[in-house]
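Heads up: the structure comes next, in structure tokens.
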Amino acid sequence: MMKMMEEMGFQVIVARSEKMMWELKRFSPVVNRCSVMVGAHEAGLTNEVFLPNGAVLIQIRPLGLEWVSSNYFGETAKDTGVKYLEYKIEPEESTLVDTYGRDHLAVVNPSLWQSNVSYQVGRAMYLDGQI
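Taking the working numbering, the leading residue of the sequence shown gets -8, the next gets one more, and so forth.
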């Protein structure tokens, strides 16, 4: 994805260090100069609050995280003048299919499956268990 973005003319900045992201005085001005932020659903996307008005946030949304993704990041983006787009991971793209099979309830109907398990089990599967 990064290579494609560079080929399209974007300057790609990769924030790999949690230390860098925690140094707000250093990191927030970097984000504030971005016109586009792309990331998988995770806490790092909260840096969207530093994006300038009119920037675009593109969230790569894992399977089973529809509500959380939309409410935690999509609504915040809209409220702060940032355009929000998302790429929804399809079951065939999720590592959950490799682990549990295409017909497992967690893949076919994540909402129903999550309603029948504890938060810890759901988190382990959808947040921690997907690549």
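For each residue, glycine too, the CB sits at the ideal point set by N, CA and C.
- At a Cβ-Cβ threshold of 8 angstroms, residue 36 and residue 64 count as neighbours.
- Scanning the stretch 19 to 89 from its first residue to its last, the whole alpha helix (DSSP H) runs of 4-plus residues come out as 57 to 60 and 66 to 70.
- Between the alpha carbons of residue 113 and residue 105 lies a gap of roughly 6 angstroms.
- Taking 8 angstroms as the upper bound for CB-CB distance, residue 80 and residue 51 are in contact here, some 7 angstroms apart.
- At the C-beta level, residue 28 and residue 48 come within 8 angstroms of one another.
- Residue range 96 to 99 is occupied by the alpha helix (DSSP H) that includes residue 98.
- With contacts defined by Cβ atoms closer than 8 angstroms, residue 87 and residue 116 form a contacting pair.
- A Cβ-Cβ separation of about 23 angstroms leaves residue 43 out of contact with residue 62 under the 8 angstroms criterion.
- Here residue 38 is buried: its Cβ has 16 or more other Cβ atoms, across all protein chains shown, within 10 Å.
- Judged by DSSP in its simplified three-state form, residue 6 adopts coil rather than helix or strand.
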